[in-house]
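Residue numbering for the sequence shown follows the numbering used here, starting at 18 and increasing by one per position.
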Amino acid sequence: MGRAGASGSETIIATMGAEVCSYSEYRLVTFTEGTYYVWVNATGIDQESNELLVAFNDLQQNQSVQALITNTYGPENWVKVVFENIPEGVYPLRISAAEPGVSWDRIFITTDENTLPYERVKEHQLYPVPNAGNFTVALSDTSETQIKVFDIKGRLIYKTSVNDILFVVLDIPGLDKGVYVVTIENDTNKTSQKIIVN
């Protein structure tokens, strides 16, 4: 790559015969020296092996973990890698697929070994409430869920349906400033919440 740190906006393509099929590289800032727990939400499709490599600080020191064979990104797909004696500073984190069919969609990093990547919410939640038309919906389960946005007069502005995920990031361009009502509904839960677009 010619420089240390994250790949930035560069697209990195592994060459034929390389030991990894694809990878993502990030730049992380550590504020204290210590042990860091890196969680990766990963999945694979191969019935024999689904190896993922994770390196933090020293990119030559990969740790191997196995992704579950689910072809989805559910709560059971989180795998943890422990990195000890990471000094304070700015360091690269690289996640690599060691073989075809392995992928990941989220990472979570903590210094507390007892903190899990997320805690499943009991009711649907939406945040941030004041926003510019982009917000996150945390769902209580992975069943099919309808999300609708209404203006203050009750007119439907936006709707979507999601399935097999716990978090939805919505970006609705062109919303005028004002108050909207978001309804989130599936077979087990229905929530309505006001949001302010500013």
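Built from N, CA and C at the ideal position, the CB exists for glycine as well.
The structure displayed is predicted, hence computed values, not measured ones.
Query, Result
"Determine the DSSP secondary structure at N94, reduced to helix, strand or coil.", "helix"
"Buried or exposed, going by whether 16 or more other CB atoms sit within 10 Å of the CB of A149?", "exposed"
"If you draw a straight line from the C-alpha of P147 to the C-alpha of E116, how long is it?", "43 angstroms"
"Tell me, please, which residues DSSP counts as bridged to F100.", "Y53"
"Here's the rule: buried if 16 or more other CB atoms are within 10 angstroms of the residue's CB, otherwise exposed. What is N79?", "buried"
"With a threshold of 8 angstroms, are at least 3 pairs of Cβ atoms found where one atom belongs to the region 94 to 108 and the other to the region 43 to 55?", "yes"
"When you compare only the Cα positions, how much space is there between D188 and K207?", "21 angstroms"
"What did DSSP end up calling D216 once you bin it into helix, strand or coil?", "Nothing about residue 216 can be reported from this structure: the residues present for the chain run from 18 to 215 only."
"List the whole-angstrom C-beta distance separating L76 from R111, where the pair is believed to meet the contact cut-off of C-beta under 8 angstroms.", "5 angstroms"
"Taking DSSP's pairing of strands, which residues face G150 in a bridge?", "Per DSSP, none; premise fails for G150."
"How should T49 be labelled, buried or exposed, when 16 other C-beta atoms within 10 angstroms of its C-beta is the threshold for buried?", "exposed"
"Among the candidates K211, G118, V107, whose CA atom is the shortest distance from the CA of T60?", "G118"
"Hey, D158 and T87: beta-carbon distance below 9 angstroms or not?", "no"
"Helix, strand or coil for P109? Go by DSSP, reduced to three states.", "strand"
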